[in-house]
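So for the sequence shown, the working numbering puts the first residue at 26; every next one is plus one. Using N, Cα and C, we set each Cβ at its ideal position, and we do this for glycine too. Note that the structure is a prediction, hence the values are computed from the model and not measured. Heads up, the thing below is written out as structure tokens.
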Amino acid sequence: MIARTAFFVFLCAGTFLISCKKDKPVQLPPYYADGEVGKLIYNRQNGVNIVFIGDGFTKDDLKRGGAYETKARMFADYLFTVPPYKQYKNFFNAYVVYAESKKSGLNDSYNPANTDTKFNAYFSGGSTGLLLAGNYQAINQYVSKAVPFARANIIILMVNTDAIDAATSTYDGFSEITVSPVAKYAMIHELGHGFASLGDEYVSPEIADNYPLDMISNLPNLDTTNDPEKVKWAGFLNLTAYNSIVGTYQGGYYRATGIYRPEEISVMTNALATQHYNAPSRLAIVKKIHEITGTPFSMDDFFKNDADLIQPVFLPPLTYKPSRLNDFIGIKKIRLKQK
């Protein structure tokens, strides 16, 4: 819930002026209630809807201005500093749904009987351990308190732990992140997966076999050819503004050879080095925004808005070493449908 400051003019008129009183200010409860919805950003009825929910936040965290609200606002505010979301902010709405857990933090493993945290988020462990939610049905029910589930285009589950820096996962528009200092950077990477169907551009051969090559056809930022006439982003290669940056760079989709990415580095390569989406990825994001909002898309408008976004901008070096940076994009869509 956003506190708004407004200027009111009170006009009292009549044959005789007896009194003119202002209503007393509404006293809001000190805590947000479990299931209460707050609007962080609202721009349009047919906007792209983002819903933030949290797991492992106790009653004390649900104070007005407390940890839950502060984290949700921080993530929402940060998102719209990153291109192209920044340039298209007026196409988005963002909500927070408050959820109270009995205990704070993250579970070490999956236990369906666990009721200590609202959504039973847990760390799957192992060398490729992932941050996962144990109760997707409950998540769907809470999301639906903000917007009809089918209209929740992006769902971000904030897990109240900094023990794991960024063991993130994404399923069909649903992303899970921690509240560690680097989680906002991981969020931008995960939104690339969940919102625009972007693939990972880094090399990680130990997991490559889990990701079949036939998935490449669905990923706008990766290709199996480096032929400048046939590669998915061929339209950028002959444009003067782009041709010094956009090319065919070998390595991506966890493989060192045989897969090509559009730019040397991007947020899908290393989210802690840059938050820059490469040009074909920005195009995919913008097209998705227009698709959801039902607004006309124009390449001319895209190029106009994109002119200042071509060169990568790098993040300053981290002041500490993150403990874990696992990342995952689900091959299967496991998000539960609203009944």
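Cα-Cα separation, residue i to residue j
i: residue 160; j: residue 143; result: 8 Å
i: residue 299; j: residue 337; result: 7 Å
i: residue 248; j: residue 312; result: 19 Å
i: residue 227; j: residue 145; result: 30 Å
i: residue 272; j: residue 286; result: 8 Å
i: residue 191; j: residue 205; result: Below a pLDDT of 50, predicted positions are generally treated as unreliable, and residue 191, at 48, falls in that range; no measurement from the model is reported.
i: residue 335; j: residue 54; result: 47 Å
i: residue 203; j: residue 209; result: 9 Å
i: residue 124; j: residue 91; result: 13 Å
i: residue 328; j: residue 318; result: 19 Å
i: residue 126; j: residue 139; result: 11 Å
i: residue 366; j: residue 82; result: The requested residue 366 is not part of the displayed model; the chain covers only 26 to 364.
i: residue 296; j: residue 215; result: 10 Å
i: residue 222; j: residue 84; result: 36 Å
i: residue 344; j: residue 268; result: 34 Å
i: residue 51; j: residue 261; result: 55 Å
i: residue 117; j: residue 220; result: 13 Å
i: residue 71; j: residue 171; result: 14 Å
i: residue 174; j: residue 156; result: 22 Å
i: residue 302; j: residue 129; result: 34 Å
i: residue 304; j: residue 97; result: 28 Å
i: residue 270; j: residue 264; result: 10 Å
i: residue 198; j: residue 49; result: 43 Å
i: residue 229; j: residue 134; result: 25 Å
i: residue 121; j: residue 63; result: 5 Å
i: residue 44; j: residue 316; result: Bear in mind that the predicted position of residue 44 carries a pLDDT of just 47, short of 50, making it too unreliable to give a figure here.
i: residue 322; j: residue 250; result: 27 Å
i: residue 58; j: residue 67; result: 21 Å
i: residue 235; j: residue 244; result: 16 Å
i: residue 308; j: residue 109; result: 9 Å
i: residue 231; j: residue 88; result: 44 Å
i: residue 182; j: residue 201; result: 5 Å
i: residue 314; j: residue 259; result: 22 Å
i: residue 178; j: residue 103; result: 18 Å
i: residue 257; j: residue 233; result: 22 Å
i: residue 141; j: residue 320; result: 43 Å
Alpha helix (DSSP H) segment containing residue i, residue limits
i: residue 215; result: 208 to 221
i: residue 97; result: 92 to 104
i: residue 113; result: Here residue 113 belongs to no alpha helix (DSSP H), and DSSP marks it neither H nor E.
i: residue 166; result: 161 to 168
i: residue 318; result: 304 to 318
i: residue 77; result: Note, residue 77: premise wrong, no alpha helix (DSSP H); beta strand (DSSP E) at 73 to 80.
i: residue 130; result: Note, residue 130: premise wrong, no alpha helix (DSSP H); not H, not E.
i: residue 146; result: Careful: residue 146 lies outside any alpha helix (DSSP H) and carries neither H nor E.
i: residue 260; result: 259 to 262
i: residue 117; result: Unbroken run through residue 117 is the beta strand (DSSP E), 117 to 122; no alpha helix (DSSP H).
Span of the beta strand (DSSP E) around residue i
i: residue 62; result: 62 to 66
i: residue 285; result: 280 to 286
i: residue 182; result: 179 to 184
i: residue 199; result: 199 to 203
i: residue 272; result: Note, residue 272: premise wrong, no beta strand (DSSP E); not H, not E.
Cβ-based burial, residue i [other Cβ within 10 Å; buried from 16]
i: residue 65; result: buried
i: residue 325; result: exposed
i: residue 242; result: exposed
i: residue 266; result: exposed
i: residue 29; result: Low per-residue confidence applies at residue 29: pLDDT is 33, beneath 50, and the placement is therefore not dependable, though the value from the model is reported in the following sentence. The residue is exposed, with fewer than 16 neighbouring Cβ atoms inside 10 Å.
i: residue 94; result: buried
i: residue 111; result: exposed
i: residue 363; result: Low confidence applies here, because residue 363 scores a pLDDT of 28, under 50, leaving its location unreliable; read the following figure in that light. It is exposed - the Cβ of residue 363 has fewer than 16 other Cβ atoms within 10 Å.
i: residue 306; result: buried
i: residue 255; result: exposed
i: residue 147; result: buried
i: residue 331; result: buried
i: residue 225; result: buried
i: residue 10; result: Summary: the structure shown does not reach residue 10, with the chain confined to residues 26 through 364, and so no result is reported for it.
i: residue 282; result: exposed
i: residue 294; result: buried
Closest Cα partner of residue i within the set the options
i: residue 136; options: 158, 86, 125 and 116; result: 158
i: residue 180; options: 265, 282, 343 and 217; result: 217
i: residue 86; options: 232, 185 and 173; result: 185
i: residue 252; options: 284, 240 and 229; result: 284
i: residue 166; options: 61, 261 and 310; result: 61
i: residue 289; options: 106, 110 and 246; result: 246
i: residue 176; options: 281, 73 and 239; result: 73
i: residue 339; options: 309, 323, 292 and 330; result: 292
i: residue 115; options: 69, 102, 106 and 108; result: 69
i: residue 21; options: 212, 280, 310 and 342; result: A question about residue 21 goes unanswered here, because the residues of the chain that appear run from 26 up to 364.
i: residue 376; options: 207, 280, 333 and 233; result: Because the chain here runs from 26 to 364, residue 376 falls outside it and cannot be looked at.
i: residue 168; options: 56, 119 and 187; result: 119
is_contact[residue i, chain D] using C-beta, thresh 8 Å
i: residue 258; result: The question asks about chain D, but that chain is absent: this structure has only one protein chain.
| query | So, do the region 270 to 281 and the region 65 to 77 have three or more beta carbon pairs nearer to each other than 8 Å? | reply | Flag = no, the region 270 to 281 and the region 65 to 77 do not touch.
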